[in-house]
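Per the numbering used here, residue 316 is the first one in the sequence shown, and the count goes up by one each step.
Every residue gets a Cβ at the ideal spot worked out from N, C-alpha and C, and that includes glycine.
Report on the following structure.
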Amino acid sequence: MKSNAFISSSTRTRVMVNCGLLIAISIVLKILFEVYIPLGGFPSLRLNITALPIMLSGILFGPLAGFAVGFISDILCFIIKPGGPFFIGFTLASGLTGLIPGLLFMMLRKKEVKYLEWFNLVFIVLATIILAVSGTFGFDNGTIYYAGEPISTIVFVLFIALMIAFAVFPIIVVKKSNLDSEFRSDHILFIVSVSQLVTSILLNTWFLSILYGQAVAVLLPARIITNIFLIPLYTIMLVGLLKVLPSFIKQR
């Protein structure tokens, strides 16, 4: 009994130490690598990789640990480097950034779940419809406009290519994935996509609308476009980290 209690206590301590480290990394990433892009005169678009350690905490240590890391790191980040008025909704969304990956990973772990690869295709179809209806992109006399400003044709073509790759990549990956791997690339892509859809695209867009009085229709297109870039980036980085970190943590 003493041995079991000791192991349990040791495990809890190790999890707490590692979660504290991930909180610290999240804060450092926010301070050093965060950029705000104003939309309509407000800091509506936040670009950073702060979500990476938060997602990692949920996947490696469970949904409750992930929520705690996201929640605490957001509060500490606001204290150290406030980027606007404090709003509890963003803090809850940060907690969900760790909770959702943790829950999804528990559900998908070592399981063969069919049709996950089609999620991103549906995502892109809906994103295309929203961008088309909102008039985000416009064409006039051979010039392409984004939000009323002219953009390079090359940039637009690259964006279209990225959207196609975003939709098709999981369909290709699932056929080549190592079915015995604990951290399958297609699973991680699905986890990141769902997490970003719920937290960044839906909740944070809604919270920004409440906080700054901007219409959701004004904020949503830019956040969709940003996540089409961020989701693959997060996935690639997470897959790489998950190949190294679990064994490193066990050795500590």
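Query	Result
Could you check where the alpha helix (DSSP H) with G385 kicks off and where it finishes?	378-395
For G413, does the three-state DSSP call read helix, strand or coil?	helix
How many Å lie between I486 and I444 at the Cα?	21 Å
Kindly indicate which three-state DSSP category I466 falls into: helix, strand or coil?	strand
Shortest alpha-carbon distance to M552 belongs to which of T468, P368, G381?	P368
With distances taken from CA atoms, which of W521, G381, S325 is nearest G410?	G381
Given a threshold of 16 other Cβ atoms within 10 Å of its Cβ, counted over all protein chains shown, does A339 qualify as buried or as exposed?	exposed
Check Y430 in the structure and name its three-state DSSP category.	coil
Pick helix, strand or coil for Q566, following the three-state DSSP scheme.	A caution first: Q566 carries a pLDDT of 48, below 50, which makes its placement in the model unreliable, though a value can still be read off. Q566 falls in the helix class under three-state DSSP.
If we count Cβ pairs, one from each stretch, closer than 8 Å, do we get three or more for the stretch 427-438 versus the stretch 503-518?	yes
Can you tell me the Cα-Cα spacing of S572 and A537, whole angstroms?	Lying before the first or after the last residue shown, residue 572 is absent from the chain, which here runs from 316 to 567.
Quick test of your reading: T412 and A366, contact by CB under 8 Å. State the CB separation rounded to the nearest angstrom.	5 Å
What are the start and end residues of the beta strand (DSSP E) that includes F452?	452-455
Could you name the residues of the same chain whose beta carbon sits closer than 7 Å to that of S325, not counting the 5 residues immediately before and after it, in chain order?	none
Starting from I543, trace the alpha helix (DSSP H) in both directions and tell me its first and last residue.	531-557
Between the stretch 512-520 and the stretch 538-545, do at least 3 Cβ pairs fall closer than 8 Å?	yes
Residues in its own chain within less than 7 Å of V509 by CB, not counting five upstream and five downstream?	I415, L419
Beta carbon of I439, beta carbon of F471: below 7 Å?	no
Could you tell me the boundaries of the alpha helix (DSSP H) in which T458 lies?	Not the alpha helix (DSSP H): T458 falls in the beta strand (DSSP E), residues 458-461.
What number of angstroms, rounded off, separates the C-alpha of M422 from the C-alpha of Y527?	37 Å
If you compare alpha carbons, which of V533, I394, L336, L371 is closest to I346?	I394
State the Cα-Cα distance for the pair M316 and R499, rounded to the nearest angstrom.	Interpretation of M316 is limited by its pLDDT of 43, a score under 50 that renders its predicted location unreliable; no figure is taken from the coordinates.
Pull the bridge partners of L423 from the DSSP assignment, please.	BP columns for L423 are empty, so no partner.
What residue range is occupied by the uninterrupted alpha helix (DSSP H) comprising N519?	519-527
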